[in-house]
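Take a look at the structure set out below.
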Amino acid sequence: MSIDECKCEIVTQSNQYNHKQHNNAVKVYKKSLHRLAILVPFRDRFEELLIFAPHIKQFLDKQNIDYHIFVLNQIDRFRFNRASLINVGFLEINKEFDYIAIHDVDLLPINDELLYSFPNKGPFHVSSPELHPRYHYSTFVGGILLIKREHFIQVNGMSNKYWGWGLEDDEFYVRLKEAGLTVIRPQNISTGTHNTFKHIHDRNHRKRDMIKCYNQREVTRKRDRQTGLNNVSYKILGTITMTIENTPLTVLNISLMCDKMITPWCECDKVAGSKDGKSKEKKKVINNKSATGL
Numbered sequence: 001m002s003i004d005e006c007k008c009e010i011v012t013q014s015n016q017y018n019h020k021q022h023n024n025a026v027k028v029y030k031k032s033l034h035r036l037a038i039l040v041p042f043r044d045r046f047e048e049l050l051i052f053a054p055h056i057k058q059f060l061d062k063q064n065i066d067y068h069i070f071v072l073n074q075i076d077r078f079r080f081n082r083a084s085l086i087n088v089g090f091l092e093i094n095k096e097f098d099y100i101a102i103h104d105v106d107l108l109p110i111n112d113e114l115l116y117s118f119p120n121k122g123p124f125h126v127s128s129p130e131l132h133p134r135y136h137y138s139t140f141v142g143g144i145l146l147i148k149r150e151h152f153i154q155v156n157g158m159s160n161k162y163w164g165w166g167l168e169d170d171e172f173y174v175r176l177k178e179a180g181l182t183v184i185r186p187q188n189i190s191t192g193t194h195n196t197f198k199h200i201h202d203r204n205h206r207k208r209d210m211i212k213c214y215n216q217r218e219v220t221r222k223r224d225r226q227t228g229l230n231n232v233s234y235k236i237l238g239t240i241t242m243t244i245e246n247t248p249l250t251v252l253n254i255s256l257m258c259d260k261m262i263t264p265w266c267e268c269d270k271v272a273g274s275k276d277g278k279s280k281e282k283k284k285v286i287n288n289k290s291a292t293g294l
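Here full-length UniProt numbering is used: the sequence shown runs in plain steps of one and ends on residue 294.
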């Protein structure tokens, strides 16, 4: 199913605004001591989103978590940049949300022992190496990570240098470690790597962008002290609030900017399939027409 086939209820739409004008229009529907913003980096994954949204609602409603889902939809011509999208999402959410979940759209928790409560003692890695279906190395912090607002600010968010797939989480782990933040992981979980999460990514249908060009391989294996939350460059081209199977969520249509003096690998010839390095693929903007399936 494509975006154009989705029959989703549209609630509101905002006009275009830039990165200096943060969105504080999201209302919180539950009264709670803590409020969770679920940040979902996204591009052309609508089939997974249709599964993810109602699943997460059902899962978190059991825990009485006060939350809202933000879909961070990258619509520019550049390669996917998960970390930059998370930085943008963090800047755009209402400050009433005092912690975030960095959440892959294709990873669904299926064990109710996994808690999404406020990570008071430090970043809480829900999809720990002992439980994740694919990644088991000790410094892994990808998949699903809960972190307090002040801790994310303390480490200056995530690096903006990671265009394409992989390694941004490993660099983020180094930031957490250097800041003296201990990553907490679930304990005494009754399930393991095969039955704690459902991984809905189809590797044959959606291949990972693992191309390396220019000096990307060398640069992205080092700690990034140049970029982060304080200098992510972007524009918001639209904000849509919709409902998928009674699950309210907010979609931010995000256009990231790339400084090719710093990260020329935001476009690689092999990825774009053209000599000038510009992708011919049209990225999907989620808007009134696409979401209502007119």
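The beta-carbon is built from N, C-alpha and C at its ideal position, and this holds for glycine as well.
Fair warning: this is a prediction, and the values are worked out from it, not measured in the lab.
Asked, Found
"Can the beta-carbon of V232 be found closer than 8 Å to that of V88?", "yes"
"In the DSSP output, which residue or residues are listed as bridge partners for R197?", "With the sequence shown as reference, residue 197 is identified as Phe, and Arg is not the correct amino acid for it. In DSSP, F197 forms a bridge with P109."
"Where L167 and T243 are concerned, what is the direct C-alpha to C-alpha distance, given to the nearest angstrom?", "33 Å"
"In the DSSP assignment, the beta strand (DSSP E) including N253 goes from what residue to what residue?", "247-256"
"In the DSSP output, what is N73 paired with across the bridge?", "F42, N253"
"Once you ignore the five residues that flank V126 on each side, which residues in its own chain have a CB closer than 6 Å to its CB?", "L114, I144"
"Would you report the Cα separation of E96 and H68, rounded to the nearest angstrom?", "11 Å"
"Where V174 and R223 are concerned, what is the direct C-alpha to C-alpha distance, given to the nearest angstrom?", "7 Å"
"Quick one: Cα of I102 to Cα of L72, how far?", "11 Å"
"May I ask which residues mark the beginning and end of the beta strand (DSSP E) holding K148?", "144-148"
"Are R45 and F80 closer than 8 Å when you measure CB to CB?", "no"
"Based on DSSP bridge pairs, tell me the residues matched to A101.", "I38, L146"
"Rounded to the nearest angstrom, how far is the Cβ of W163 from that of W265, given a contact under 8 Å?", "6 Å"
"Rounded to the nearest angstrom, what separates N120 and K260 at their Cα positions?", "39 Å"
"Where does L33 land, buried or exposed, given buried means 16+ other C-beta within 10 angstroms?", "exposed"
"Run the CB neighbour count on Q63, radius 10 Å, all protein chains shown included, and call it buried at 16 or more, exposed below.", "exposed"
"At a cut-off of 7 Å, is D66 close to the ligand SAH when judged by its beta-carbon and the heavy atoms of the ligand?", "By its list of ligands, the structure shown contains no ligand whatsoever, and the ligand SAH lies outside what it can speak to."
"Taking DSSP as the reference, what is the three-state secondary structure of I65?", "coil"
"Taking only three categories from DSSP, how would you classify I262?", "coil"
"Under 8 Å, do D169 and G142 count as touching if we go by C-beta distance?", "yes"
"Is I153 helix, strand or coil by DSSP?", "helix"
"How long is the line joining the alpha carbons of K270 and D209, rounded to whole angstroms?", "Annotation note: pLDDT 48 at K270 (below 50); position unreliable, coordinate value reported separately. Each residue's alpha carbon lies about 10 Å from the other."
"Compute the distance between the beta-carbons of D61 and R35, then report whether it is under 8 Å.", "no"
"Residues in its own chain within less than 6 Å of G228 by CB, not counting five upstream and five downstream?", "N156, G157"
"For T139 and E178, what's the separation of their Cα atoms in angstroms?", "13 Å"
"Comparing C-alpha positions only, which one of P129, R82, F78, S117 sits nearest to T191?", "P129"
"Identify whether Y162 lies in helix, strand or coil by the three-state DSSP scheme.", "coil"
"Classify G180: buried if its beta carbon has 16 or more other beta carbons within 10 angstroms, exposed otherwise.", "exposed"
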